[in-house]
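Per full-length UniProt numbering, the very first residue in the sequence shown carries number 1; after that it's consecutive. C-beta atoms are modelled at their ideal positions from N, C-alpha and C, and glycine is treated no differently. Comments concern the structure below.
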Amino acid sequence: MKGIILAGGSGTRLAPSTDSMNKHLLAVFDKPMIYYPLSVLMLGGIKEFMIISTPADRPRFETLLGDGASLGISISYKDQSNPNGIPEALTISKEFIADDSVALILGDNIFYGQGFTTLLRNAIKNHRHATVFGYRVKDPQRFGVVEFDAYQKAISLEEKPKEPKSDFAVTGLYIYDNQAVELTKKLKPSNRGELEITDLNKEYLKRGKLDVELLGRGFAWMDAGTHESLFEASEFVKITQQRQGFKLACLEEIAYYLGYISREALYEKGKSMEKNDYGQYLLEIADRKHSEQYWDRIEKNPMLGLVK
């Protein structure tokens, strides 16, 4: 399976912070926003990625992440010149996807929760056609909403409905089979002038090929696309890391425990940043891998629960 991260757009909701900076490069506490969706797909077992951004911003992502070799993965890049909607990421990535299935995640979405890695890996392993993830929200009018029957089978999807038929929003993480590209080509722009991801999901629903995985109370899903939500996400990450002693979305840590990079590579990365907390954390991991006490901490980390 291939992984796509959509990190384009104009970021107008975060202006003026985004007047000279792509929002997905803004910090969510101690690391760039793009680290969070990339960490999700890495934990899902994906190793080949495409990051889609604007022509002006692509070089910045290339400077930050390169070709992914330092993390033991592969990253390529494509441009989305205009914000024509989420599904366009699939047609832009047609050659990259080739004959594979694909997981698409929005670059400003943050997921966290005990067992999330297991849920995601199972969804990737067992998916047949299309899988989306539902999350209960108090203001479903702001989201794409999924309605269920008595057996929790999806029966309808609506984009930002005035009278929602449920309070479950569809998050910014989607898994599709190889038909997604061709289905996207048949979509018509909405009144906003964009292709809507809800319309693509509706096409799968019409065919009886849409599965919905529900994220329960123990999960957190955040869209860091406004000043308020960006601050809340940063505060959430800060508090969680300080209280539990591990870092969320630490790409080098994930790559190390998944066996993608060596202890020496992890140590060198830590040494290059040893004057800050992030670098010191990497050095701690490199020095303490074989500590049973440290393994206990890692096993309790819902972002790394599969990798011992």
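DSSP-derived helix/strand/coil call for residue i
{"i": "F134", "result": "It should be pointed out that residue 134 corresponds to Gly in this sequence rather than to Phe. Strand."}
{"i": "D287", "result": "helix"}
{"i": "E159", "result": "strand"}
{"i": "F29", "result": "coil"}
{"i": "F143", "result": "coil"}
{"i": "A7", "result": "coil"}
{"i": "R13", "result": "helix"}
{"i": "F246", "result": "coil"}
{"i": "residue 309", "result": "Residue 309 cannot be examined here, being either before or after the span of the chain that is shown, 1 to 308."}
{"i": "G270", "result": "helix"}
{"i": "K2", "result": "strand"}
{"i": "Y36", "result": "helix"}
{"i": "Y260", "result": "coil"}
{"i": "A265", "result": "helix"}
{"i": "A123", "result": "helix"}
CB-CB length for residue i against residue j, believed under 8 Å
{"i": "F111", "j": "L173", "result": "7 Å"}
{"i": "F168", "j": "G113", "result": "Actually they are not in contact, since the Cβ atoms of F168 and G113 sit about 16 Å apart, beyond 8 Å."}
{"i": "A224", "j": "D108", "result": "5 Å"}
{"i": "L43", "j": "T117", "result": "5 Å"}
{"i": "residue 383", "j": "L6", "result": "The question about residue 383 has no answer here: the residues shown for the chain are numbered 1 through 308."}
Euclidean distance between Cα positions of residue i and residue j
{"i": "R58", "j": "D149", "result": "43 Å"}
{"i": "Q241", "j": "L214", "result": "25 Å"}
{"i": "W295", "j": "P55", "result": "Low confidence applies to W295: its pLDDT is 45, below 50, so where it sits in the model is not reliable, and the reading given next is rough at best. About 42 Å."}
{"i": "S234", "j": "K271", "result": "25 Å"}
{"i": "V28", "j": "I239", "result": "12 Å"}
{"i": "V237", "j": "V212", "result": "27 Å"}
{"i": "S93", "j": "A15", "result": "28 Å"}
{"i": "N126", "j": "L106", "result": "22 Å"}
{"i": "K188", "j": "V146", "result": "21 Å"}
{"i": "N201", "j": "K269", "result": "41 Å"}
Environment of residue i [buried if 16+ CB atoms lie within 10 Å]
{"i": "D199", "result": "buried"}
{"i": "D99", "result": "exposed"}
{"i": "D139", "result": "exposed"}
{"i": "I34", "result": "buried"}
{"i": "A249", "result": "buried"}
{"i": "E274", "result": "exposed"}
{"i": "D19", "result": "exposed"}
{"i": "Y260", "result": "buried"}
{"i": "E88", "result": "buried"}
{"i": "Q80", "result": "buried"}
{"i": "A180", "result": "buried"}
Exercise for review: Write down every uninterrupted run of the alpha helix (DSSP H) in the stretch 165–189 whose length is 4 residues or greater and which is fully enclosed by it, in chain order.
Suggested key: 180–185
Exercise for review: Mind listing, in chain order, the continuous beta strand (DSSP E) runs of no fewer than 3 residues lying wholly within the stretch 47–110?
Suggested key: 48–53, 74–79, 102–106
Check your understanding: What runs of the alpha helix (DSSP H), each 4 residues or longer, lie entirely inside the stretch 191–255?
Key -> 197–206, 227–244
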